[in-house]
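As structure tokens, the structure follows; a few thoughts come after it.
In the UniProt record's numbering, the protein residues as written are 1 to 324.
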């Protein structure tokens, strides 16, 4: 086993997802003296993406390009990851707790006969040991976990461990490794995205979420406008998705996405426990609801009791004035 920690990065539409930079910061917390090796997969040249990882703290980067890595499959990525692990013999692996991370890491851990701690939100030190903190019971409690052996394998929740400051002066090698990705039983022919263009919901620092109180798909237009002014993303409760006000890709909650933005604005959301499970760890929560008895006010840092169709336009107007 070497003194290397692998950080498996993610590339989407030729851009590196922010959680990849956060994973580098997490790896530094795990072992400040270890060599951090970034790993990237795609079907096209990844040199500039590798240099970006180095600017955010990686010491070197291994890239793998292959036609079968154009879109994610657990078989394709799994073959590539396992071959790199076999060659480098790292002391640990860090990856984002994303849809890809959730799917890939358990399979890799199983092949390695290694333990896996997923959805980590913080890392503490207990002497020389790393203690990984993760939420349980839909965010109502937290547990602290350690590894029984020396190999560390974790996924980190986006927006919880801050990325290191970018340093464009950092240098490191970006090496391309040829791996023949073959015998795939799953071939992705096309990817149809239902989510709106703009900020990724799972990595957004600001989220404006609508519930049944928004009343219609037309009502969501003002939420998009507010999110645009704030540079954020739009989410929704399951009730709003069930009512066909928006696509299920925007659903936040126990059966949807789990988000932890700096600012969460809940608009027309009552605060059902299933929804709170997906957003209660947001750093600042603002609730807008005409029902002063709504449960959402019990967890909100700030609350506005009023008609959202009157409040939202006023908010947009005031924010534009401040920004101007």
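For each residue, glycine too, the CB sits at the ideal point set by N, CA and C.
Give every residue of the same chain whose Cβ lies closer than 6 Å to the Cβ of residue 237, excluding the five residues on either side of it in the sequence, and list them in chain order. Here residue 237 corresponds to residue number 237 of the chain shown, with the count starting at 1. Cβ within range, chain order: 211, 269, 275.
Name the residue from 131, 140, 168 whose alpha carbon lies nearest to the alpha carbon of residue 27. Here residue 27 corresponds to residue number 27 of the chain shown, with the count starting at 1. Nearest of 131, 140, 168 to residue 27, Cα basis: 131.
Cα-Cα separation between residue 84 and residue 258, rounded to whole angstroms: On the chain shown, position 84 is the one that residue 84 refers to. On the chain shown, position 258 is the one that residue 258 refers to. Spanning the two alpha carbons is a distance of roughly 30 Å.
Say whether the segment 149-164 touches the segment 46-53, bearing in mind that this needs 3 or more beta-carbon pairs closer than 8 Å, one atom from each stretch. Contact fails: fewer than three Cβ-Cβ distances are below 8 Å.
Euclidean distance between Cα positions of residue 218 and residue 245: Numbered from its first residue, the chain shown carries residue 218 at position 218. Numbered from its first residue, the chain shown carries residue 245 at position 245. Looking at the two C-alpha atoms, the distance is approximately 8 Å.
Do you know whose CA, among 208, 166, 314, lies nearest residue 286's CA? Within the chain shown, the letter at position 286 stands for residue 286. Residue 286 has its Cα closest to that of 208, out of 208, 166, 314.
Distance check for residue 11 and residue 44, CA to CA, integer angstroms please. Working through the chain shown from its first residue, we reach residue 44 at position 44. Working through the chain shown from its first residue, we reach residue 11 at position 11. Cα-Cα distance, rounded: 11 Å.
By the three-class DSSP mapping on this structure, what secondary structure does residue 155 have? Reading the chain shown from its first residue, position 155 is the one you call residue 155. Residue 155 falls in the strand class under three-state DSSP.
Considering only residues of the same chain and omitting the five flanking positions on each side of residue 52, which have a CB-CB separation below 8 Å? Counting from one through the chain shown, the residue named residue 52 turns up at place 52. Result list for residue 52: 16, in chain order.
Between which two residues does the alpha helix (DSSP H) harbouring residue 111 extend? Residue mapping note: residue 111 aligns to position 111 of the chain shown, counting from 1. Counting along the chain, residue 111 sits inside the alpha helix (DSSP H) bounded by residues 99-112.
Find the nearest neighbour of residue 40 within the set 294, 20, 103, 306, judged by alpha-carbon distance. For the purposes of this step, residue 40 is taken as residue 40 along the chain shown, with counting starting at 1. The option with the nearest alpha carbon to residue 40 is 20.
Exposed or buried, what is residue 22 when buried is set at 16 or more other beta-carbons lying within 10 Å of its beta-carbon? The residue labelled residue 22 in the question sits at position 22 within the chain shown. Buried is the call here.
Confirm, please, whether the CB-CB distance from residue 90 to residue 201 is below 8 Å. Translated into positions along the chain shown, residue 201 becomes position 201. Translated into positions along the chain shown, residue 90 becomes position 90. Contact flag unset, no.
Got a sec, what are the start and stop residues for the alpha helix (DSSP H) residue 226 sits in? Numbered from 1 along the chain shown, position 226 holds the residue referred to as residue 226. Per DSSP, residue 226 is one residue of the alpha helix (DSSP H) stretching across 220-230.
Look up residue 173 in the DSSP assignment and say whether it is helix, strand or coil. Reading the chain shown from its first residue, position 173 is the one you call residue 173. DSSP places residue 173 in strand when its eight states are reduced to three.
What are the uninterrupted segments assigned as beta strand (DSSP E) that are 3 or more residues long and contained completely in the segment 229-315, given in chain order? 233-236, 263-267, 284-289, 302-305
Cβ pair residue 191, residue 71 closer than 8 Å: In the chain shown, the residue the question calls residue 191 occupies position 191. In the chain shown, the residue the question calls residue 71 occupies position 71. A contact, by the Cβ cut-off of 8 Å.
In angstroms, rounded to a whole number, what distance separates the CA positions of residue 153 and residue 32? In the chain shown, the residue the question calls residue 153 occupies position 153. In the chain shown, the residue the question calls residue 32 occupies position 32. Each residue's alpha carbon lies about 16 Å from the other.
Using a Cβ distance threshold of 8 Å, determine whether the segment 172-188 contacts the segment 224-236, with at least three qualifying pairs required. no
Can you give me the C-alpha to C-alpha distance between residue 149 and residue 261, rounded to a whole angstrom? Start at 1 with the first residue of the chain shown, and residue 149 comes out as number 149. Start at 1 with the first residue of the chain shown, and residue 261 comes out as number 261. Going by the C-alpha atoms only, they are around 33 Å apart.
Look up residue 130 in the DSSP assignment and give the residues it is bridged to. Stepping through the chain shown from its first residue, residue 130 is reached at position 130. Answer is 125.
Close beta carbons around residue 78, own chain, < 8 Å, minus the five adjacent residues each side: Along the chain shown, read from residue 1 onward, the residue named residue 78 stands at position 78. Taken in chain order, the residues that qualify are 104, 107, 108, 111.
Near the ligand GDP: residue 320 beta-carbon under 7 Å from a heavy atom: No copy of the ligand GDP appears in this structure; indeed no ligand is present at all.
Secondary structure at residue 4, three-state DSSP: helix, strand or coil? If you number the chain shown from 1, residue 4 lands on position 4. If DSSP states are grouped into helix, strand and coil, residue 4 belongs with the strands.
Residue 227 to residue 308 span [Cα, whole Å]: Taking the first residue of the chain shown as position 1, residue 227 is located at position 227. Taking the first residue of the chain shown as position 1, residue 308 is located at position 308. If I take the Cα positions, the gap works out to 14 Å.
In this structure, how does DSSP classify residue 144 when only helix, strand and coil are distinguished? For this step, residue 144 is matched to residue 144 along the chain shown. Of the three classes helix, strand and coil, the one that applies to residue 144 here is strand, per DSSP.
So, are the CB atoms of residue 69 and residue 37 less than 8 Å apart? Numbered from its first residue, the chain shown carries residue 69 at position 69. Numbered from its first residue, the chain shown carries residue 37 at position 37. Not in contact: residue 69 and residue 37 (Cβ atoms no closer than 8 Å).
Contact under 8 Å by Cβ, residue 158 with residue 98: Numbered from its first residue, the chain shown carries residue 158 at position 158. Numbered from its first residue, the chain shown carries residue 98 at position 98. Closer than 8 Å, so yes.
Residue range of the beta strand (DSSP E) that includes residue 65: As a position in the chain shown, residue 65 is number 65, starting the count at 1. Per DSSP, residue 65 belongs to the beta strand (DSSP E) from 60-65.
Between residue 329 and residue 24, which are expected to be in contact by the criterion C-beta below 8 Å, what is the C-beta distance as a whole number of angstroms? Residue 329 falls outside the range modelled here, since the chain spans only 1 to 324, and no answer is possible.
Between which two residues does the beta strand (DSSP E) carrying residue 117 extend? What you label residue 117 is simply residue 117 of the chain shown in a count that begins at 1. Looking at the DSSP string, the run of the beta strand (DSSP E) that includes residue 117 is 117-120.
I'd like the list of long-range same chain contacts for residue 224, defined as Cβ closer than 6 Å, with 5 residues on each side in sequence excluded. Your numbering for residue 224 matches position 224 in the chain shown. Hits under 6 Å: 234.
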